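*Asks:* Chains as they are written, first to last, in this note's numbering: chain A, 3 to 252; chain B, 252 to 542.
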Amino acid sequence: MKITVKGLRASFGDNEVVKGIDLAIPSRQITAIIGPSGCGKSTFLRCLNRMHELVPGATCSGKVLLDDTDIYQADVDPVLVRRWVGMVFQKPNPFPAMSIKDNVVAGLRLTHRYDRKDAPDVVERALRQAALWDEVKDKLGQPGTSLSGGQQQRLCIARALAVNPDVILLDEPCSALDPIATARIEELLLELRRDYSMVIVTHNMGQAQRVAERTAFFLQGELVELADTATLFGRPADPRTADYIAGRFG
Amino acid sequence: MRRPIDLTSRRDGILAERLFPWLCRLGVALPLAMLGWLLLRVFVDGVGRIDGSFLTDAPSQLNAKVGGLGPALMGSLWLIVLTSAVALPIGIGAAIYLEEYDRRSRLASLVELAISNLAGVPSIVYGMLGLGLFVHTMALGETVLAGALTLALLILPIVITAAREALRTVKDALREAALGLGATRWQTTRQVVLPMALPGILTGAILAISRAIGETAPLVVVGAVAFIMYGPDGVDSPYTALPMQIFQWTSNPKREFLDNAAAGILVLMATLLILNGFAIWLRNRTQARRT
Numbered sequence: 003m004k005i006t007v008k009g010l011r012a013s014f015g016d017n018e019v020v021k022g023i024d025l026a027i028p029s030r031q032i033t034a035i036i037g038p039s040g041c042g043k044s045t046f047l048r049c050l051n052r053m054h055e056l057v058p059g060a061t062c063s064g065k066v067l068l069d070d071t072d073i074y075q076a077d078v079d080p081v082l083v084r085r086w087v088g089m090v091f092q093k094p095n096p097f098p099a100m101s102i103k104d105n106v107v108a109g110l111r112l113t114h115r116y117d118r119k120d121a122p123d124v125v126e127r128a129l130r131q132a133a134l135w136d137e138v139k140d141k142l143g144q145p146g147t148s149l150s151g152g153q154q155q156r157l158c159i160a161r162a163l164a165v166n167p168d169v170i171l172l173d174e175p176c177s178a179l180d181p182i183a184t185a186r187i188e189e190l191l192l193e194l195r196r197d198y199s200m201v202i203v204t205h206n207m208g209q210a211q212r213v214a215e216r217t218a219f220f221l222q223g224e225l226v227e228l229a230d231t232a233t234l235f236g237r238p239a240d241p242r243t244a245d246y247i248a249g250r251f252g
Numbered sequence: 252m253r254r255p256i257d258l259t260s261r262r263d264g265i266l267a268e269r270l271f272p273w274l275c276r277l278g279v280a281l282p283l284a285m286l287g288w289l290l291l292r293v294f295v296d297g298v299g300r301i302d303g304s305f306l307t308d309a310p311s312q313l314n315a316k317v318g319g320l321g322p323a324l325m326g327s328l329w330l331i332v333l334t335s336a337v338a339l340p341i342g343i344g345a346a347i348y349l350e351e352y353d354r355r356s357r358l359a360s361l362v363e364l365a366i367s368n369l370a371g372v373p374s375i376v377y378g379m380l381g382l383g384l385f386v387h388t389m390a391l392g393e394t395v396l397a398g399a400l401t402l403a404l405l406i407l408p409i410v411i412t413a414a415r416e417a418l419r420t421v422k423d424a425l426r427e428a429a430l431g432l433g434a435t436r437w438q439t440t441r442q443v444v445l446p447m448a449l450p451g452i453l454t455g456a457i458l459a460i461s462r463a464i465g466e467t468a469p470l471v472v473v474g475a476v477a478f479i480m481y482g483p484d485g486v487d488s489p490y491t492a493l494p495m496q497i498f499q500w501t502s503n504p505k506r507e508f509l510d511n512a513a514a515g516i517l518v519l520m521a522t523l524l525i526l527n528g529f530a531i532w533l534r535n536r537t538q539a540r541r542t
């Protein structure tokens with residue numbers, strides 16, 4: 003298991019939105035998290051790389067083991083956690099003042115691990131991994147925001163890959179994209195699965211079925227059911243899961 | 252029964268619709284006319300006095316036709332530089348702390364309350380504070396440094412507020428992007444947030460400084476001198492400033508000195524205009540880069 007979550011609770015002020023979740027995320031697989039809005043799935047995801055605590059008033063407790071180390075241990079540096087566990091956000095957020103090329107190496111440059119000599123290789127490798135190279139190789143100097151929404155999101159994936167993480171968290175990465183751009187991202191995720199462990203939060207149940215080996219169903223801050231994707235959608239064990247995937251609520 | 256469709260004879264709201272734009276135009280025209288009138292009067296009276304030596308020479312107390320506002324202009328420049336050097340780092344630093352490091356904490360809201368109150372305190376009160384704190388307690392005496400520190404206190408709330416507004420225009424998504432890549436708070440602030448907010452911060456800073464240039468009351472209190480032959484040659488020099496010099500000329504019993512005051516006003520206005528124009532240029536550049 004790449005990540006093992008034990009008894010995770012997360013709150014905004016007095017409002018507890020993740021209420022004691024145990025969940026294991028296998029290496030080099032995609033785990034999908036589905037559930038209605040407000041079920042705590044995004045908050046859960048943001049606890050996995052210590053982004054949750056950046057929101058003023060946000061707290062959490064419990065254990066999140068990355069390999070064998072609890073990322074909430076006192077001596078762990080949250081900044082380093084985020085270098086191992088990367089994140090792709092709901093809306094593509096390339097840095098507007100930077101070119102395509104600079105966006106890719108932004109993570110290295112921000113953290114002063116940037117080497118001008120290696121930059122072209124890093125840029126090409128990350129953009130190839132993100133299946134964006136062929137579309138942008140002749141305009142690397144143009145602003146990242148000049149790309150289409152789907153390309154921007156793949157640029158953000160390339161940017162996350164360039165810092166060489168082990169795990170990639172994706173928070174509804176296609177919810178701002180059209181179906182064609184979505185299909186390209188899904189294709190890309192299936193490629194990346196060979197090298198990275200991924201967790202994807204999605205509203206799109208079709209997407210979970212297309213990309214994820216395993217799917218977890220969250221409801222009101224609790225994990226209702228976790229199973230391999232075919233089982234969860236084919237023969238859900240819990241009636242609430244069955245109701246949700248049949249579209250009877252949510 | 253079909254009703255005949257009437258598309259031509261509305262009777263409601265006609266007067267207000269006609270009247271309101273004219274009221275608005277009047278509202279725009281009045282302050283413009285007053286400013287224009289002031290500028291014209293000052294220009295007619297003062298333009299004859301302005302030449303190279305008026306900008307550089309020391310004032311004469313006997314003859315209004317000779318001398319100039321050299322020491323006051325130099326004093327104002329010294330004040331601008333020193334005030335900026337003190338108020339900008341502190342003000343921008345405070346804004347960064349409040350927006351980037353300690354958002355929505357109790358301390359932040361306390362500071363916010365203090366700032367919005369300080370912004371409304373009359374400038375003469377800042378003068379009293381400067382007199383007590385800088386001139387006496389810190390024993391700086393009646394020096395250009397004490398004056399600059401007092402002006403820095405005066406504009407600090409404006410600088411902080413403007414810088415916070417500028418920082419707030421930077422989207423949180425960009426902060427999260429940088430932090431999510433494993434950047435520290437400072438790396439994020441320094442390399443992502445500040446470059447985006449900088450033109451806005453500078454615009455606010457320049458507007459704050461142009462406020463400081465025009466201030467007279469606090470300088471009177473902290474001991475800017477009314478008559479001096481030389482500009483400052485160090486932070487511990489006695490000094491005067493443009494508005495002080497203008498005030499001194501207008502209070503001279505000889506009528507000819509009023510022309511000097513008008514010329515001084517022209518110089519002060521030109522300085523303000525240059526600074527404000529620069530601020531507007533900066534702001535436009537920001538907007539261009541955001542699209």
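We put the beta carbon where it would ideally sit given N, CA and C, even for glycine. Note that the structure is predicted; figures quoted are calculated from it, not measured.
Please compile the residues from chain B whose C-beta is within a distance smaller than 8 Å of the C-beta of A/Pro-175.
*Replies:* In chain order: nothing, as chain B lies at least about 13 Å away.
*Asks:* Quick check: what's the CA-CA separation for B/Leu-524 versus A/Thr-113?
*Replies:* Taking the straight line from one Cα to the other gives about 42 Å.
*Asks:* Counting only Cβ pairs nearer than 8 Å, list the residues of chain A close to B/Ala-345.
*Replies:* The contacting residues do not exist; B/Ala-345 stays about 18 Å from chain A at best.
*Asks:* Taking only beta-carbon atoms, is A/Phe-97 less than 8 Å away from chain B?
*Replies:* A/Phe-97 counts as touching chain B.
*Asks:* Against B/Pro-446, what residues of chain A qualify as contacts under a CB-to-CB distance less than 8 Å, listed in chain order?
*Replies:* Under the 8 Å cutoff, chain A gives Ala-99.
*Asks:* Cα separation between A/Gly-253 and A/Asp-136?
*Replies:* In the structure as shown, chain A begins at 3 and stops at 252. Residue 253 of chain A is therefore absent and cannot be evaluated.
*Asks:* My output table needs one value for A/Asp-104: the three-state DSSP class, helix, strand or coil.
*Replies:* Helix, per DSSP.
*Asks:* Using 8 Å as the cut-off, can you tell me whether the segment 123 to 133 of chain A makes contact with the segment 455 to 468 of chain B, which would need three or more C-beta pairs spanning the two stretches below that distance?
*Replies:* Because the criterion of three Cβ pairs below 8 Å is not met, the segment 123 to 133 of chain A and the segment 455 to 468 of chain B do not touch.
*Asks:* In chain order, what residues of the same chain have a beta carbon less than 6 Å from the beta carbon of A/Pro-238, not counting five sequence neighbours either side?
*Replies:* Excluding residues within five positions, the ones whose Cβ falls inside 6 Å are Ala-244.
*Asks:* Distance check for B/Val-362 and A/Pro-122, CA to CA, integer angstroms please.
*Replies:* Approximately 47 Å between the Cα atoms of the pair.
*Asks:* How is A/Cys-49 classed by DSSP in three states: helix, strand or coil?
*Replies:* Looking at A/Cys-49 - three-state DSSP - the assignment turns out to be helix.
*Asks:* Does DSSP classify A/Asn-17 as helix, strand or coil?
*Replies:* Correct three-state label for A/Asn-17: strand.
*Asks:* Does the Cβ of A/Asp-120 have 16 or more other Cβ atoms within 10 Å, making it buried, or fewer, making it exposed?
*Replies:* So A/Asp-120 counts as exposed.
*Asks:* Find out if the Cβ-Cβ distance for the pair A/Leu-163, A/Ser-101 is shorter than 8 Å.
*Replies:* No.
*Asks:* Going along the chain, which residues of its own chain have a beta-carbon closer than 7 Å to the beta-carbon of B/Asp-263, five neighbours each way excluded?
*Replies:* The answer is none, since no qualifying residue turns up.
*Asks:* Please list the partners that B/Ala-429 has in chain A, where partner means a Cβ-to-Cβ separation under 7 Å.
*Replies:* By Cβ distance, chain A contributes Leu-112.
*Asks:* Using the Cβ count rule (16 or more neighbours within 10 Å means buried), how would you classify B/Phe-478?
*Replies:* Result: exposed.
*Asks:* Return the residue from the list B/Glu-507, B/Lys-316, B/Ala-365 and B/Gly-381 that minimises the CA-CA distance to B/Pro-408.
*Replies:* Ranking the options by Cα distance to B/Pro-408, first place goes to B/Ala-365.
*Asks:* Within the 8 Å Cβ cut-off, does A/Glu-43 reach chain B?
*Replies:* The sequence given here has Lys at residue 43 of chain A, not Glu. Chain B contact via Cβ: absent.
*Asks:* Is the segment 266 to 279 of chain B in contact with the segment 490 to 503 of chain B, if contact means three or more CB pairs nearer than 8 Å?
*Replies:* No: fewer than three Cβ pairs fall under 8 Å.
*Asks:* Which one of A/Val-124, A/Lys-8, A/Gly-249 and A/Gln-155 has the shortest CA to CA distance from A/Ala-185?
*Replies:* For the residues A/Val-124, A/Lys-8, A/Gly-249 and A/Gln-155, the minimum Cα distance to A/Ala-185 belongs to A/Gln-155.
*Asks:* Would you tell me roughly how many angstroms separate the C-alpha atoms of B/Val-298 and B/Arg-292, rounded to the nearest one?
*Replies:* Taking the straight line joining both Cα atoms gives about 10 Å.
*Asks:* If you check the beta carbons only, do A/Ser-199 and A/Arg-30 fall under 8 Å apart?
*Replies:* Yes. Within cutoff.
*Asks:* Suppose the cutoff is 7 Å on Cβ atoms and the five residues either side in sequence are ignored; what does the same chain contact list for B/Gly-392 look like?
*Replies:* Counting only Cβ-Cβ distances below 7 Å, and skipping sequence neighbours, we find Val-386.
*Asks:* Run down chain B in chain order and give the residues with a C-beta less than 9 Å from the C-beta of A/Ala-108.
*Replies:* Here the neighbours are Ala-428, Ala-429, Leu-432, Ala-434, Gln-442 and Val-443.
*Asks:* Roughly how many angstroms separate the alpha carbons of A/Gly-15 and A/Thr-61, rounded to a whole number?
*Replies:* For A/Gly-15 and A/Thr-61, the distance between alpha carbons rounds to 7 Å.
*Asks:* Roughly how many angstroms lie between the CA atoms of B/Ser-311 and B/Ala-475, to the nearest whole one?
*Replies:* Taking the straight line joining both Cα atoms gives about 18 Å.
*Asks:* Applying the 10 Å Cβ sphere with the 16-neighbour rule, what's the burial state of B/Val-332?
*Replies:* With fewer than 16 other Cβ atoms within 10 Å, it is exposed.
*Asks:* Can you tell me where the alpha helix (DSSP H) holding A/Leu-67 begins and where it ends?
*Replies:* Note, A/Leu-67: premise wrong, no alpha helix (DSSP H); beta strand (DSSP E) at 60 to 68.
*Asks:* Our contact map puts B/Asp-308 next to B/Gly-326 with C-beta atoms below 8 Å; I'd like the distance itself, whole angstroms only.
*Replies:* The pair is not a contact, with the Cβ atoms about 14 Å apart (cut-off 8 Å).
*Asks:* Below 8 Å between beta carbons is the criterion; list the residues of the segment 139 to 168 of chain A that meet it against any residue of chain B, in chain order.
*Replies:* Per Cβ criterion, the list reads Cys-158, Arg-161, Ala-162 and Val-165.
*Asks:* Assign B/Thr-334 to buried or exposed, taking buried as 16 or more other Cβ atoms, counted over all protein chains shown, within 10 Å of its Cβ.
*Replies:* Counting Cβ neighbours within 10 Å, B/Thr-334 comes out buried, since at least 16 surround it.
*Asks:* Please report the straight-line C-alpha distance between A/Gly-109 and B/Ala-370, rounded to a whole angstrom.
*Replies:* Looking at the two C-alpha atoms, the distance is approximately 40 Å.
*Asks:* Please give me, in chain order, every unbroken run of the beta strand (DSSP E) with length at least 3 that falls completely inside the segment 193 to 226 of chain A.
*Replies:* For the segment 193 to 226 of chain A, whole beta strand (DSSP E) runs of length 3 or above, ordered along the chain, are 199 to 203 and 216 to 221.
*Asks:* Taking the beta strand (DSSP E) that A/Ala-34 belongs to, which residues open and close that run?
*Replies:* Start and end: 32 to 36.
*Asks:* Is it a yes or a no for the segment 443 to 454 of chain B touching the segment 282 to 289 of chain B, going by three-plus beta-carbon pairs under 8 Å?
*Replies:* They do not touch, by the three-pair rule.
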